[in-house]
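Okay, so here's the structure we're looking at.
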Amino acid sequence: MYNMTTKDLEKTLSEYEVIKAAIKNNKIKLESLRYEDGLTGISYDTEPTSKTNKFSSATENVAERNIQMEERLKRRIATEENKIKMIDNALEGLNDMERVIVEEFYINGLEWWKVAAKVCYSEGWCKSTRNNAIKKILYSINGD
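Per the numbering used here: the sequence shown = residues 41 to 184.
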């Protein structure tokens, strides 16, 4: 996420709403994982034992798998939330016109002529303003 390129930024802005939905869905998965144990009745007759007679039970395997999945989901949620926070912070640093142009073109997916009509300027001016806004956002995120 750090040292983001223009292409990376444009992709992230275009996927902004999808990323936010993914965060919500991953939180739901995490919550569901906490309530589901994935276990059925257990018979220890078929459980393999090692030379030390230590059991490697289905319960332990499921618990270990659930712990690993929970950690992966937590990391993914944190990473995506931080990405959205950084974008939001960078957008706050833009002036109103720049923010509207970036949000309408990238996040809302409007075509350039619709963005231009919305802000009452030409497409060329909007594209130029977008370029300046992208530079500001990159500076805000990367620091250089």
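Where a beta carbon is used, it is the ideal one built from N, C-alpha and C, also for glycine.
Would you mind giving the Cβ-Cβ distance between residue i and residue j, rounded to the nearest angstrom? I have them listed as a contact below 8 Å.
{"i": "Met44", "j": "Leu178", "result": "6 Å"}
{"i": "Leu131", "j": "Lys69", "result": "Wrong, their Cβ atoms sit about 28 Å apart, outside the cutoff."}
Look at the Cβ atom of residue i, then the Cβ atom of residue j, and state whether they are nearer than 9 Å.
{"i": "Leu49", "j": "Glu110", "result": "no"}
{"i": "Ile217", "j": "Ile63", "result": "Residue 217 is absent from the model: the chain starts at 41 and stops at 184."}
{"i": "Tyr56", "j": "Ile147", "result": "yes"}
{"i": "Glu120", "j": "Ile181", "result": "no"}
Any idea if residue i is buried or exposed, counting beta-carbon neighbours within 10 angstroms, 16 or more meaning buried?
{"i": "Arg170", "result": "buried"}
{"i": "Glu144", "result": "buried"}
{"i": "Glu138", "result": "buried"}
{"i": "Cys166", "result": "buried"}
Roughly how many whole angstroms lie between the Cα atoms of residue i and residue j?
{"i": "Asn129", "j": "Asn122", "result": "10 Å"}
{"i": "Trp152", "j": "Glu100", "result": "56 Å"}
{"i": "Ile141", "j": "Thr46", "result": "16 Å"}
{"i": "Lys158", "j": "Arg105", "result": "51 Å"}
{"i": "Ala61", "j": "Gly183", "result": "28 Å"}
{"i": "Gly13", "j": "Gly149", "result": "No answer is possible for residue 13: the residues shown for the chain start at 41 and end at 184."}
{"i": "Ile127", "j": "Ser162", "result": "26 Å"}
{"i": "Thr52", "j": "Lys125", "result": "12 Å"}
{"i": "Ala173", "j": "Ala103", "result": "48 Å"}
{"i": "Arg115", "j": "Lys175", "result": "29 Å"}
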